[in-house]
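Per mature numbering (1 follows the signal peptide of the UniProt record, and there is no 0), the sequence shown runs over residues -18 to -1, 1 to 897.
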Amino acid sequence: MTVGLLLLLFFLPSFAVGQQQQQQLSSRIELGALFSLRSSLGLRSKDWPRKADPCSAWGGVTCRLDGRVVGINLSGLRRTRLGRLDPRFSVDALSNLTFLSTFNSSGFALPSSIPDWFGSARLPSLAVLDLRSCSISGSIPPSLGTLSNLTYLDLSRNSLTGSLPESLFRLSRLSLLNLSHNLLTGSIHPSFSLLGNLTFLDLSNNFLSGSIPLTIGNLPLLSSLNLSSNDLTGSIPAQLGNLSRLLDLDLSFNSLSEAIPNGLVGLSNLQRMVVRNNSLQGPLPGEVLSGLSRLHSVILCNNNFSGALPQAIWLLPNLSFFDVSYNFFTGSLPDREKSNALNVTGESIFNFSHNQLYGPLALSNLVGIGFVDFSSNYFQGRVDNSTVSVNVSLINNCLQNTSKQRNFSDCKLFYAARGLTFDDNLGGSPDSAPQPASGEKKSSRSWKFILAGVFGGLGFIILLVLAIILLQRKRGGGTTTQREVVVDPVPSGGGPPAPGFSINFASLGDNFTYEQLFQATAEFRDSNLIKHGHSGDLFHGVLEGGIPIVVKRIDVRKVKKDAFLVELDVFSRVLHARLVPLLGHCLDQENEKYLVYKYMPNGDLSNSLFRKTSPEEDGLQSLDWITRLKIAIGAAEALSYLHHECTPPLVHRDVQASSILLDDKFEVRLGSLSEVCPQEGDVHQNVIARFLRLSQTSEQGPSGSSSATCAYDVYCFGKVLLELVTGKLGISGSNDASTSEWLDKILPYINVYEKDLVTKIVDPSLIVDEDLLEEVWAMAIVAKSCLNPKPSKRPLTRYILKALENPLKVVREESSGGSARLRTTSSRGSWNAALFGSWRHSSSDIVVPGSTTNREREGSILKLSSAERGSYGSGRAAGVPDVSSSNKKLSREIFPEPAAISGGEGDRTEEENAD
């Protein structure tokens, strides 16, 4: 025994060495291909070390025992800094890996399109191709249809366009096909019968049109079918009933019509049926439901179903979620006692809300179900209080002894129209409230008139005196230096909402129940808490079906009671791709209201500017410049829409990095809309009008302007742009003394005539070449113009957007010879006056540290008299003389000139007139 153990210990190291040697790469061609792939993708040496054997030390590389590469997994790997600057779909070296069977790049960015050479001629052994969330664009190449060994194809969550190539249906071995969350168009090809081994099919969240192919019913092994969120029309084909192994069916968010076919009764193993948000009509076939005995989730809400609810809903023993809300079901609720096969649990949810169900309501039959929603129907009679609990919603019915019911006359009219008997013991009409006696009414009115006259007269006298004092101060002069200007404060309140909200709740997504959100957020646990917002707490959640959401929980006892109505009013009136999508709401709770938004995978800008790409990484990855510029443009688009395309203009009032949300492709979705309000009027009003306006609000910005102006948004957005340029977090969300000191220190380094100065404040983690540095310089200049202390001199957001979309036109100009050149000292005369006409108020009077030449040059401009400045004419920037020897014309393409104001001996710019 001892001798045998010694021999085992002696030979064990040799055996291990032999195994390691077998795992070493054996092909020089494949070694060269891997190094070429390492270079073209810009992979880090930490993941693919140059001096180590790929089979044993390279992350994601899998080899056979004979040392041939069979698998490449790029998921989770990171690029070098240079690789991140120019990410591409550069995988040509894969064609030399002839034994490659798996290529997984999910989550690894591969911009541009899939190469046309992807096919069996180059990759004869490929069986698994996973390109989820790779930022791929373009169309699906038909060559993929030649990968005869392919069993797994996942191209979901990209930006693929075009139609489905017919060649894909030749992949007879394919078991999984996922093309969801793309931009695919056209109809679904009918050749599905060729995919006999398919078990999973997901074409959801595209723009596919036409009818559902009947041949999908010829897939005997299919277990999951998801065609939701497309433009499919017609009826549900009865041939789908042939899918006897189907477990999950989702056809929601289409335009399907007609009735549910009886042929679906053949789906004997179906566990989940989701056909919400279509135009299905007719009665719900009870024979179909009773045959689907394994169903545990049925979601048929937001359709046009009518007729009575079938008794079969109580015959499904495993049913735990049943939602038929927002339909036209009528009649009484089926009696559960007559056919009760349901195995209820405390987590069961049944939603019958927003239908036309009527008659008496016996809640005793529903004991044991977790939550039942009967709201917005026409049930009548009295409810046994002993059976009413928190797991039943009864609001907006015609019940006698329950609060928050329908109007008496509405209930009576509903029952009379159907020839039904209505129990009119519901109670008196709301209009029959006792009225005061006529003598009391006349006496109270007279006292009101007297008091209103007295206080109104006193108020008018006080306002008139204060207005005269302000006018005298205005005429008395007295210059205000830049240090004396107070910057707009962050709004401290929600602002009074417009009286009489007329919110169209039908346009505000789904009406979620509290129990749905309670389950989705894991009981609002702290582990799901994203952050404590000023208008409510934000929680991450997942709805039934795996849809990620963000839930805002608003405690109306701690915040302004109508603040959430302000946000709902915004969503009901405006619609833009740059605003965060609202999925629905839950307003049933008395003290807490809930708003449900689409989940943004990359959070907000304050968390994404520097972020961890994986938990095991110690350092933070910085967003590259291209992404930062993309974010700035997206935020400017959102503000431009609110300021210029809404009537009246809407002011966001909470523009900061935490309000700029980012989806999985870093596209901007502007959030924090609870402070939005209409602009409070023209910022150029006279002193009396401005004073009268300020007397109605406590939120004052610089120069006496209110924060409820678009200029306030522009100021805040300027700080966001500085965060993107400098990498300094927290600036846009703060307005304290330290922020002001930081701005005083940074702004002198932003100068229209000196590009190199901006390099002293640029985020050190940014890697930018000469061309990109010009874009950084341009964004810094735009940011500084937004931070002008005078609100009336800040640029409009539509000009800001145009500048960010064309940053080189901010710092370059077209000379008379047609060639672009930088705006240097020799070209000061060409400037965009509408954006920077008041530059001397915010930049030229600030001395750049250590720049004597710049100080002398800009100081000489300040010494010019008003007449001297006016003598340069309206064709040049106000306050900036033309010292250039070349004849240049001002470009009005990006920033038009401000309107000249005629007066005196010549025209003066708007700025000079204001001074």
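We put the CB at the ideal spot given by N, CA and C, even for glycine.
In this text, all values refer to a predicted model and were calculated from it rather than measured experimentally.
Simplified DSSP state of residue i, which is helix, strand or coil
| i | result |
| --- | --- |
| A290 | strand |
| N373 | coil |
| I451 | helix |
| I362 | Residue identity check: residue 362 is Gln in the sequence provided, not Ile. Of the three classes helix, strand and coil, the one that applies to Q362 here is strand, per DSSP. |
| N510 | helix |
| M761 | helix |
| R66 | helix |
| C283 | coil |
| C698 | helix |
| G441 | helix |
| I432 | helix |
| D646 | coil |
| F404 | coil |
| T44 | strand |
| N244 | helix |
First and last residue of the uninterrupted beta strand (DSSP E) at residue i
| i | result |
| --- | --- |
| L611 | No beta strand (DSSP E) contains L611, which is instead part of the alpha helix (DSSP H) from 607 to 622. |
| T84 | 84 to 86 |
| N208 | 206 to 208 |
| V52 | 51 to 55 |
| S141 | 141 to 143 |
| D74 | Element bounds for D74: n/a, residue is neither H nor E. |
| V578 | 574 to 580 |
| T312 | 310 to 313 |
Of the residues the options, the one placed nearest residue i, counting alpha carbons only
| i | options | result |
| --- | --- | --- |
| L577 | N584, S656, H625 | S656 |
| G515 | E705, L729, S641, A614 | S641 |
| Q603 | R60, G24, S18 | R60 |
| S375 | F494, S154, R63 | F494 |
| L185 | P202, R776, L161 | L161 |
| F71 | T62, G89, S94, L82 | S94 |
| N510 | S517, L499, F437, G523 | G523 |
| N285 | D492, E752, I763 | D492 |
| V548 | I536, L166, L16 | I536 |
| T167 | L557, E736, V447, G192 | G192 |
| G336 | P342, Y308, A15 | Correcting the residue identity first, residue 336 is His in this sequence and not Gly. Ranking P342, Y308, A15 by Cα distance to H336 puts Y308 first. |
| L231 | L249, C116, T128, F334 | L249 |
| P583 | R651, K33, V702 | R651 |
Span separating the alpha-carbon of residue i from that of residue j
| i | j | result |
| --- | --- | --- |
| R635 | R555 | 18 Å |
| P631 | H625 | 5 Å |
| T403 | A690 | 54 Å |
| V73 | L23 | 8 Å |
| L137 | L706 | 32 Å |
| N621 | I281 | What sits at residue 621 in the sequence shown is Leu, not Asn. Distance between the alpha carbons of L621 and I281 is about 37 Å. |
| G715 | F699 | 10 Å |
| G350 | S302 | 12 Å |
| D726 | Y694 | 19 Å |
| A216 | G566 | Correcting the residue type first, residue 216 is Gly in the shown sequence and not Ala. In a straight line, the C-alpha of G216 is about 27 Å away from that of G566. |
| S149 | L82 | 22 Å |
| L433 | N378 | 41 Å |
| V365 | C380 | 11 Å |
| L229 | S205 | 5 Å |
| Y496 | I713 | 37 Å |
Buried or exposed by the 16-neighbour rule on C-beta atoms within 10 Å, applied to residue i
| i | result |
| --- | --- |
| D745 | buried |
| G42 | buried |
| E240 | exposed |
| L246 | buried |
| V720 | The amino acid at residue 720 is misidentified as Val; the sequence shows Ser. S720 is exposed by the Cβ-count criterion. |
| D508 | exposed |
| D48 | exposed |
| Q571 | exposed |
| A103 | exposed |
| R400 | exposed |
| Q6 | exposed |
Opening and closing residue of the alpha helix (DSSP H) in which residue i lies
| i | result |
| --- | --- |
| residue 909 | A query on residue 909 cannot be resolved here, the shown segment of the chain reaching from -18 to 897 and no further. |
| N160 | First-last for N160: 158 to 160, but that is the beta strand (DSSP E), not the alpha helix (DSSP H). |
| Q498 | 496 to 502 |
Short CB-CB distance (under 9 Å) between residue i and chain E
| i | result |
| --- | --- |
| N359 | Reference to chain E is not applicable here, since this structure consists of a single protein chain. |
Residue i beta carbon near the ligand HEM (any heavy atom closer than 8 Å)
| i | result |
| --- | --- |
| A690 | The ligand content of the structure shown is nil, which means the ligand HEM is not present either. |
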